[in-house]
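Working notes, beginning with the structure itself.
Protein chains: 2
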Amino acid sequence: MAIGLKDSTIKVERPAKTLRELALDKVREAIDSGHFMPGDRLVERDLCAQLGVSRTIVREVLRHLESEGLVANLPNKGPIVARLDADEARQIYEIRGALEGMAARLCAERRDSTIVEALEGALDDIRHCYRKKDMPGVLASTSAFYQVLFSKVDRHVAWGIVNLLTVRINHLRSMTIKTDNRNVEGPAQMERIIEAIRRGDGEGAYRAAMDHVTSAAAIAEAVISAQSPAV
Amino acid sequence: MAIGLKDSTIKVERPAKTLRELALDKVREAIDSGHFMPGDRLVERDLCAQLGVSRTIVREVLRHLESEGLVANLPNKGPIVARLDADEARQIYEIRGALEGMAARLCAERRDSTIVEALEGALDDIRHCYRKKDMPGVLASTSAFYQVLFSKVDRHVAWGIVNLLTVRINHLRSMTIKTDNRNVEGPAQMERIIEAIRRGDGEGAYRAAMDHVTSAAAIAEAVISAQSPAV
DNA sequence: CACCATATTATGGCGTACCAAATACTTATC
DNA sequence: GATAAGTATTTGGTACGCCATAATATGGTG
Numbered sequence: 000m001a002i003g004l005k006d007s008t009i010k011v012e013r014p015a016k017t018l019r020e021l022a023l024d025k026v027r028e029a030i031d032s033g034h035f036m037p038g039d040r041l042v043e044r045d046l047c048a049q050l051g052v053s054r055t056i057v058r059e060v061l062r063h064l065e066s067e068g069l070v071a072n073l074p075n076k077g078p079i080v081a082r083l084d085a086d087e088a089r090q091i092y093e094i095r096g097a098l099e100g101m102a103a104r105l106c107a108e109r110r111d112s113t114i115v116e117a118l119e120g121a122l123d124d125i126r127h128c129y130r131k132k133d134m135p136g137v138l139a140s141t142s143a144f145y146q147v148l149f150s151k152v153d154r155h156v157a158w159g160i161v162n163l164l165t166v167r168i169n170h171l172r173s174m175t176i177k178t179d180n181r182n183v184e185g186p187a188q189m190e191r192i193i194e195a196i197r198r199g200d201g202e203g204a205y206r207a208a209m210d211h212v213t214s215a216a217a218i219a220e221a222v223i224s225a226q227s228p229a230v
Numbered sequence: 000m001a002i003g004l005k006d007s008t009i010k011v012e013r014p015a016k017t018l019r020e021l022a023l024d025k026v027r028e029a030i031d032s033g034h035f036m037p038g039d040r041l042v043e044r045d046l047c048a049q050l051g052v053s054r055t056i057v058r059e060v061l062r063h064l065e066s067e068g069l070v071a072n073l074p075n076k077g078p079i080v081a082r083l084d085a086d087e088a089r090q091i092y093e094i095r096g097a098l099e100g101m102a103a104r105l106c107a108e109r110r111d112s113t114i115v116e117a118l119e120g121a122l123d124d125i126r127h128c129y130r131k132k133d134m135p136g137v138l139a140s141t142s143a144f145y146q147v148l149f150s151k152v153d154r155h156v157a158w159g160i161v162n163l164l165t166v167r168i169n170h171l172r173s174m175t176i177k178t179d180n181r182n183v184e185g186p187a188q189m190e191r192i193i194e195a196i197r198r199g200d201g202e203g204a205y206r207a208a209m210d211h212v213t214s215a216a217a218i219a220e221a222v223i224s225a226q227s228p229a230v
């Protein structure tokens, strides 16, 4: 397992991550864990101190996050954690719907039983995490579910984009999965995706994947409008 | 004032671009103009000299391009201009199809006559550039056409992604538009998109946009397999 | 002559110090 | 009390230096 992308060799994934990559992960993690809230200023030298790295690194990390859309840069004022408004969130969910629907369709058309098995496995993980109330686990295994969808049909570019977008709505995701009934509705929708793929119904798989994202988006919309009554 | 991220106000776009942004544009331009070829090493200190900026800037630029996928970083060897293989190009065209199809559908469903007018205008530009054999102009006005598609339904996130992907296949694009008959086939396909939008046919607009990308992808595939007989 | 160990070089990774310009915050003066 | 002047704060940008590693050259030894 964990075949990765294309290396047939048995190389160690990350022999030595650079300090920059470590710092990047830390800051990203800090943002979507809520340690840095949207709108917070990210003062370079403060980050240097907190991360224990030089300004060079911090600047590169901030640029990277900026190009990912997690950080916004106010001219002559510096970087802040990007705010996510309802409209942007809506667009992100919409794009995910289009891409995940596409992947689901391709999976259905490929008629490969290992796809169904892998998806069932991921779905089991999700249900298991829900039962244990392991919410980070739910997020991770949900991502794993979709990763199967994309990687089984070798769509790593699309998967990269979905991942990029997902980071930006991560805090919304953690709220949507805690919603009443999402623990049964979510897996049920994913089961429908699997069903459509199993019977080779591309159109049905597309719609099922789309439905899943759409309902998540609806919950997210409710959440976002509840938490910011007045922008 | 300055509500935050999206300014619908009439602010001057770039009163003062930072040096870093200038350098970023320069390098990006150098890559897709072919000044730097895929596989070329991008030695930091050389770039400093060529651009006349400090290493800090160069590094930030390289990181940015890396996250855009235009530059790849070989561990312990440094950055090179990313190679684009046929499979990746195929995936990029596929994603563009999904997103542009989505935008076209939304345009059709909105039933706004100004959309049709704007698209006709852009298409006229394209035809005009073809007549003048102004190939960079064709590329630019084709982009403008699609930008209308996305911006008229306020999908700037999707537009951003399409743009990101487009940069990576830019040299392919410049070859596809030079293909025999593309100067009549391309505009004809775009006309069909407009027609579907005009009659409010969402599904038709989706398919027409998809067709246009698909045929471009087919040409690109031919080009890429012709220019690299053996990888 | 073949081969292995040791320099040298090129380059990325990382850090420090410094300057200039813009913004925000005080303070002093009238 | 309001305004002008001065002072931090912080980014944008530069210059330089150090270390680690990989590739290449060099040289010595059997």
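Protein chains in written order, with numbering that gives the first Met the number 0: chain R, 0 to 230; chain F, 0 to 230.
Glycine residues also receive a C-beta, built at the ideal position from the N, C-alpha and C atoms.
When DSSP labels each residue in this structure, what does residue 71 of chain F get in the three-state scheme? strand
Under 7 Å (Cβ pairs) to chain F, residues found in the segment 35-66 of chain R: 55, 58, 59, 62, 63 and 66
Collapsed DSSP secondary structure at residue 110 of chain F in the structure displayed: coil
Using 8 Å as the threshold, is the C-beta distance between residue 232 of chain F and residue 63 of chain R below it? Within the shown structure, residues of chain F are numbered from 0 to 230, placing residue 232 of chain F beyond reach of any answer.
Cα-Cα separation, residue 97 of chain F to residue 173 of chain F: 21 Å
Using Cβ-Cβ distances below 7 Å, what residues of the segment 85-111 of chain R are close to chain F? 87, 90, 91, 94, 97, 98 and 101
So, with DSSP's three-state summary, where would you put residue 78 of chain R? strand
If you measure between the beta carbons of residue 121 of chain R and residue 143 of chain R, is that distance less than 8 Å? yes
Bounding residues of the alpha helix (DSSP H) (the contiguous stretch that carries residue 191 of chain R): 181-197
Which residue from F:99, F:214, F:25 and F:201 puts its Cα closest to that of residue 146 of chain F? F:99
Pop quiz: residue 58 of chain R and residue 55 of chain F are said to be a contact at Cβ under 8 Å. What is the actual Cβ separation, rounded to whole angstroms? 7 Å
As assigned by DSSP and simplified to three states, the class of residue 156 of chain F: helix
Neighbouring residues, chain R, relative to residue 156 of chain F (Cβ below 7 Å): 87, 90, 91 and 94
Report yes or no: is there a C-beta of chain R within less than 8 Å of the C-beta of residue 160 of chain F? yes
Would you grab the beta carbon distance between residue 216 of chain F and residue 92 of chain F for me? Rounded to a whole angstrom, and I think it's under 8 Å. 4 Å
Hey, would you say residue 77 of chain F sits closer than 8 Å to residue 27 of chain F, going by beta carbons? no
Work out the CA separation of residue 123 of chain F and residue 221 of chain F for me, nearest whole Å. 28 Å
Is the segment 101-112 of chain R in contact with the segment 187-197 of chain R, if contact means three or more CB pairs nearer than 8 Å? yes
On the CB-based measure, 16 or more other CB atoms within 10 Å of its CB, does residue 224 of chain R come out buried or exposed? exposed
Does any C-beta atom of chain F lie closer than 8 Å to the C-beta of residue 211 of chain R? no
Same chain, Cβ closer than 7 Å to residue 47 of chain R, neighbours up to 5 away in sequence not counted: 53, 54 and 57
Of all the options R:213, R:25 and R:203, which has the alpha carbon lying nearest to the alpha carbon of residue 175 of chain R? R:213
Taking the C-alpha atoms as reference points, what is the distance between residue 66 of chain F and residue 141 of chain R? 24 Å
Looking only at DSSP bridge pairs, what is residue 40 of chain R linked to? R:79
Could you give the residue range of the alpha helix (DSSP H) that holds residue 147 of chain R? 134-150
Can you tell me which of R:83, R:210 and R:34 puts its alpha carbon nearest to the alpha carbon of residue 186 of chain R? R:210
Is there at least one Cβ from chain F nearer than 8 Å to residue 12 of chain R's Cβ? Because the pLDDT at residue 12 of chain R is just 43, under 50, the model does not fix this residue reliably, and the point stays unresolved.
Kindly list the residues whose CB is nearer than 7 Å to the CB of residue 170 of chain F, restricted to its own chain and excluding five residues on each side of it in sequence; keep chain order. 31 and 33
Thinking C-beta only, is residue 106 of chain F closer than 8 Å to residue 204 of chain F? yes
When DSSP labels each residue in this structure, what does residue 8 of chain F get in the three-state scheme? Its pLDDT being 37, under 50, residue 8 of chain F is placed unreliably in this model, and the coordinates cannot settle the point.
Which residues in the same chain have their Cβ closer than 8 Å to the Cβ of residue 125 of chain R, if we skip the five residues on either side of it in sequence? 137, 140, 141, 144, 185, 186 and 189
Does DSSP classify residue 33 of chain F as helix, strand or coil? coil
Assigned exposure category for residue 104 of chain F - 16 Cβ within 10 Å defines buried: buried
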